[in-house]
Amino acid sequence: MNTKRELTCIVCPIGCSLVAELCDGKVVSVTGNTCPRGKVYAETECVAPMRTITTTVKCKNGEMLPVKTATPIPKEKMAEAMEIINKANPDLPISVGDVIIESVFGSKIVAAKNLD
Amino acid sequence: MKDLVIIGGGPAGMSAAVAAYESGIRDILILERDNALGGILQQCIHNGFGLHKFGEELTGPEYAWRYEKKVRELGIPFELNTMVLDISEDKVITATSAEKGVFQIQARAVILAMGCRERAKGALNIAGARPAGIYSAGTAQKLVNMKGYMPGKKVVILGSGDIGLIMARRMTLEGAKVEAVCELMPYSGGLARNIEQCLNDFDIPLKLSHTVVKIHGKKRVEGVTIAKVDENRRPIPETMEFIECDTLLLSVGLIPENELSKCAGVDLDRITSGAVVDQDRQTSCEGVFACGNVLHVHDLVDFVSEEAEIAGKSAAAYINGVKGEKISVSLRTDGKIRYTVPQTITECKDISVYFRVADVYRNVKINVYSGDELIFSKKRPKVAPGEMESIKLACDKFKDASELMFKLEEV
Amino acid sequence: MYDVAVIGAGVVGGMIARELSRYDLKICILEKANDVAMGATKANSAIVHAGFDAKEGSLKAKLNVRGSEMMAEVAKELGVKYKNNGSIVIAFNDEDRKTIEGLLDRGNKNGVKGLEILEKDALKKLEPNISDNVICALYAPTGAIVCPYELTVAAIGNAMDNGAELIRNFEVKSIEETADGYRITADENSVDAKYVVNAAGLFSDEIAKMVGDDSFTINPRRGEYILLDKECGTLVNTTVFRTPSKMGKGILVSPTVDGNLLTGPTSVDIEDKEDNTTTPEGFDSIIKEANENVDGIPFNKTITSFCGLRATGSTGDFIINSPAKNFVNVAGIESPGLSASPAIAEYVRDILKELGITLIKKDSFNPNREPMHAFREASIDEKNEIIKNDSTYGRIICRCETVTEGEILKAIRTNPQPFDLDGVKRRTRAQMGRCQGGFCSPYIMELLSKELEIPFETITKSGCGSALITGKTK
Chain A
162 MNTKRELTCI VCPIGCSLVA ELCDGKVVSV TGNTCPRGKV YAETECVAPM RTITTTVKCK
222 NGEMLPVKTA TPIPKEKMAE AMEIINKANP DLPISVGDVI IESVFGSKIV AAKNLD
Chain B
-16 MKDLVIIGGG PAGMSAAVAA YESGIRDILI LERDNALGGI LQQCIHNGFG LHKFGEELTG
44 PEYAWRYEKK VRELGIPFEL NTMVLDISED KVITATSAEK GVFQIQARAV ILAMGCRERA
104 KGALNIAGAR PAGIYSAGTA QKLVNMKGYM PGKKVVILGS GDIGLIMARR MTLEGAKVEA
164 VCELMPYSGG LARNIEQCLN DFDIPLKLSH TVVKIHGKKR VEGVTIAKVD ENRRPIPETM
224 EFIECDTLLL SVGLIPENEL SKCAGVDLDR ITSGAVVDQD RQTSCEGVFA CGNVLHVHDL
284 VDFVSEEAEI AGKSAAAYIN GVKGEKISVS LRTDGKIRYT VPQTITECKD ISVYFRVADV
344 YRNVKINVYS GDELIFSKKR PKVAPGEMES IKLACDKFKD ASELMFKLEE V
Chain C
2 MYDVAVIGAG VVGGMIAREL SRYDLKICIL EKANDVAMGA TKANSAIVHA GFDAKEGSLK
62 AKLNVRGSEM MAEVAKELGV KYKNNGSIVI AFNDEDRKTI EGLLDRGNKN GVKGLEILEK
122 DALKKLEPNI SDNVICALYA PTGAIVCPYE LTVAAIGNAM DNGAELIRNF EVKSIEETAD
182 GYRITADENS VDAKYVVNAA GLFSDEIAKM VGDDSFTINP RRGEYILLDK ECGTLVNTTV
242 FRTPSKMGKG ILVSPTVDGN LLTGPTSVDI EDKEDNTTTP EGFDSIIKEA NENVDGIPFN
302 KTITSFCGLR ATGSTGDFII NSPAKNFVNV AGIESPGLSA SPAIAEYVRD ILKELGITLI
362 KKDSFNPNRE PMHAFREASI DEKNEIIKND STYGRIICRC ETVTEGEILK AIRTNPQPFD
422 LDGVKRRTRA QMGRCQGGFC SPYIMELLSK ELEIPFETIT KSGCGSALIT GKTK
């Protein structure tokens, strides 16, 4: 049986209201999107939702460094990911894009700021 | 004497500086009050910046770095930890810093890019004492993201502006429990995507048409009483509900910081609380330009950068004495559209007009009239106060007009 | 053993301590809060009343008129802002007119100088924004404004500079008579003093009971205020009172010495001596009455609202007496207490003298305290001289009120030192502007942390229990 699911697209600030039609747990159609990325978002969101995490880590000198997952990670892993990221304690200097942790649920954790 | 002094080294100031440089101006100085360039983006560590401008999702510090890098590469001079105290009508800037003391600079052109501040609790007249634990969302953001301290463990947020939503997620990720986000209006002031990924992802309730009527606690917040409000935004007593919490975050609006603009004698718009400007972002004072959140509060930094480029280029043209064909058109609105930026057109060129609406409207047309003549029309399925709109107007449409009327009309 | 212990570091306790510090006495000031000026002193109308309100012959009348005369000089010595802006009492009808004529008569009897009734035209010249419904007003040219906590900080700072000790977080729990005076005990420590002055404000009845005096009670009366942006401070020139009625003095509209516009207070008797909460009803009544008095008050420019508690005594007059050996009550000091405070200090000194205290003037007494607002008012050249020696004066911390790091550091290093965020606010005005500390409070916390050598996360808003930070993120 087909079911419908309403979503708000989070890909860009427009925030389109999407309707995904599912059949046996698979997305068969997406409406309401104004770009192709909306369709992809709905397809993933219904099956295996992914999120980018942005947070901070404490550097050895005590300064806070903003970091992010280079690619989205599974949504249900966010809390666990935070625990792992919070343990990082990098040394300076750091440049934007430097890898702080190699892999957290499939994503690199990268620096979002230069710190000397 | 400096050709161009830019007040503020945030996204607006940096973008204006780069644009002016690229238009041939070399004698530029950016004055920044904080200890780094980047302005408020420094503490906005979340992503979502730059999709429009760079085609990718950047965090605030990354977006700021893109511009800071350009400023550094071009060798545009900037002074940090420098606070401007006054701008005179003849463009003498008085500033102070620990290194230079109080000093004055005569500028040929000035770009105002001071940004905005958060509306404070005092303006809300919430009943109760004044305990610790009441923070504006931006102050909490600074403490959490820049300093690494938690301002509280159990949080209620008043106001659903984007900073409030972002902080709901941020505090949750750092281990706090966000009990609710209350919004006085029947709609959120924030972006739909932020309600989804900052509240819904964490099962944080968004209580529309709700406000905080009382703050409990003498030394530290111990809870708040919230209530639903009627259509006149007055609390309904029988809906009062106590929520235990140790922190109240306020995200109740942003106000352009125009104290310096007032010193310079710049005319301000009552609705935007920013300067009245023409298509070049020139204010009522010749040679004084404004851009970014000091002009009107933006949702997206990408549009701040865009606006600042206009101001930077125009300031360069002003300094170089370039003048176009003069016209005089004032832009008016019907109330459903609250304001436009620019408010006037003084030169015949194609322009973009930015504006906000007063309420949530569905299936409407944005219509622009010159007298009785409809010169522009655009359909929109939905418009909301939290989302800035823009349209492009070709100069041949308005070059003979004296007034353009912006209306929101039913389809 | 102290010669004198003053209980309460409000404006009254502060002025008394300062007066006594002229003499060769060992003085301590005992304060239950983390800072001075934390009770009724912190939140009131900030008015130096001319002295026409209090009933002729009363202690209130006598000390108000004398205190008001002294205030300009005291403020100058203490480096405190004081403005002789005058005050008016407005009449809306003939009944009000009769009342203000009565006040004129009473004021003359009390010895208030320069009182006159202004008819509408003259009044409009003095106060162009006064409501058209006002028919005339009593004008008191000697009325003035002062900042009550600035005055108190300065008085206590000056007393400390002259040898007095301030002991904070000392909540008096019991007072026992000893062989040569009293032992005053708080939770963990106690002090001995030959003479005790009870200037405990709202709690002065409870202190009096500790020495067996239950002749009076103090009943808290709530007063709520709304403070407006500096943009609005010139809406009125004088302090605008309504004609007093059985319901009280009503809502006033006044500039403050710092250039804001103050409206309030409400007047509601309550039970709880610590319930300084604002109420929706309070806001409504302030806005309604203030708008009746003065046209065009922009309440959308509200910066903050607050509530003070008046220490209203059960006798109707100030209660200044000695109910027990070498013990002086200074209680029921409600309005015009601020105005009267310098005179109260002299009066209490004289009572102590009668009780047998030895008063020998100290040659070393310095009545002056350096103004904390000097930098703000200096010329650019003067500022640069200061910055040359101390570059922290070049760095602005509070944008809205333009307060420099140097001024904040100076306040943190000056008697009586602030130990919390609100303490810095009251001394420097940093956090007191439009953004209410939104931008500068984290920086001020850093300065406090460095100067006091305590961890950032232990900085409080106003002492124990008011933690600002609940933990670290990592």
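Protein chains in written order, with the working numbering: chain A, 162 to 277; chain B, -16 to 394; chain C, 2 to 475. Cβ atoms here follow ideal geometry from the backbone N, Cα and C, with glycine treated the same way.
Whether C:Ala10 touches C:Glu32 by CB criterion (7 Å): yes
Own chain residues within Cβ distance below 7 Å of B:Glu240, not counting five before or after: Met97, Gly98, Cys99, Arg100, Val277
With 16 other Cβ atoms within 10 Å as the buried cut-off, status of B:Phe338: buried
Proximity test, Cβ basis, 7 Å: A:Asn275 and chain C: no
Proximal residues to C:Ile1 (C-beta, below 6 Å), its chain only, five neighbours per side dropped: Summary: the structure shown does not reach residue 1 of chain C, with chain C confined to residues 2 through 475, and so no result is reported for it.
Opening and closing residue of the beta strand (DSSP E) in which C:Phe284 lies: Segment 281 to 294 is the alpha helix (DSSP H) holding C:Phe284; no beta strand (DSSP E) there.
Beta-carbon spacing of C:Phe319, C:Lys63 below 7 Å: no
C-beta atoms of C:Lys462 and C:Leu422 nearer than 7 Å: yes
CA-to-CA distance, C:Leu469 to C:Val66, given in whole angstroms: 43 Å
Chain-order list of residues whose beta-carbon lies under 8 Å from that of B:Ala273 (same chain, five-residue window excluded): Ile94, Leu95, Ala96, Ser244, Val249, Gly257, Ala258, Val260, Arg264, Thr266, Ala294
Beta-carbon gap between B:Gly369 and B:Gly172 smaller than 7 Å: yes
Host beta strand (DSSP E) of A:Lys225 (start-end): First, the amino acid is wrong: residue 225 of chain A is Met here, not Lys. Note, A:Met225: beta strand (DSSP E), 225 to 230.
Start and end residues, beta strand (DSSP E) containing B:Ser80: 75 to 80
C-alpha distance - B:Lys332 paired with B:Glu292, whole-angstrom precision: 16 Å
Contact set for B:Pro218: own chain, Cβ-Cβ below 8 Å, skip 5 residues either direction: Thr194, Val196, Ala210, Lys211, Val212
Anticipated Cβ contact below 8 Å, B:Ile349 with B:Phe381, distance rounded: Not really, about 15 Å apart at Cβ, beyond 8 Å.
Chain-ordered chain C contacts of B:Tyr46 [CB-CB under 8 Å]: In chain order: nothing, as chain C lies at least about 21 Å away.
Length of the line joining the Cα atoms of C:Ala431 and B:Leu12: 28 Å
Exposed unless 16 or more other CB atoms sit within 10 angstroms - verdict on B:Lys125: buried
Segment contact flag, the segment 169 to 184 of chain C with the segment 142 to 160 of chain C, C-beta cutoff 8 Å, min 3 pairs: no
Close beta carbons around B:Val204, own chain, < 8 Å, minus the five adjacent residues each side: Pro114, Ala115, Gly116, Ile117, Gly135, Ile198, Cys228, Asp229, Thr230, Leu231
Which listed residue (A:Lys165, A:Ile171, A:Lys221, A:Thr195) has its alpha carbon closest to that of B:Glu40: A:Ile171
Own chain partners of B:Val(-12) with C-beta closer than 7 Å, once the 5 adjacent residues on each side are dropped: Leu12, Leu14, Ile76, Ile88, Ala90, Val93
Proximal chain A residues relative to C:Thr474, where beta-carbon distance stays under 9 Å: Thr216, Thr217, Lys219, Met225, Asn247
Sufficient close CB pairs (3 or more, under 8 Å) joining the segment 162 to 181 of chain B to the segment 143 to 154 of chain B: yes
Test item: CB-CB of C:Tyr196 and C:Leu353 under 7 Å: yes
Nearest to C:Ile252 (by Cα), restricted to the options C:Asn294, C:Asp270, C:Ser216: C:Asn294
Nearest-angstrom Cα separation, counted from A:Gly176 out to A:Lys200: 13 Å
Cβ-based neighbour list, C:Phe328, same chain, cut-off 6 Å, excluding 5 preceding and 5 following: Val197, Val212
Residue burial classification, C:Gly357 (beta-carbon count within 10 angstroms, cutoff 16): exposed
Own chain residues within Cβ distance below 8 Å of C:Cys233, not counting five before or after: Asn261, Leu262, Ile298, Pro299, Lys302
C-alpha distance - C:Ser450 paired with C:Thr459, whole-angstrom precision: 8 Å
Whole runs of the beta strand (DSSP E) within the segment 259 to 301 of chain B, excluding any shorter than 3 residues: 271 to 273
Buried versus exposed call for B:Leu57 [16 or more other C-beta atoms within 10 Å across all chains shown]: exposed
Helix, strand or coil at C:Ser463 according to DSSP, with G and I counted as helix: coil
When C:Val90, C:His50, C:Gly108 are compared against C:Ala73, the one with the closest alpha-carbon: C:His50
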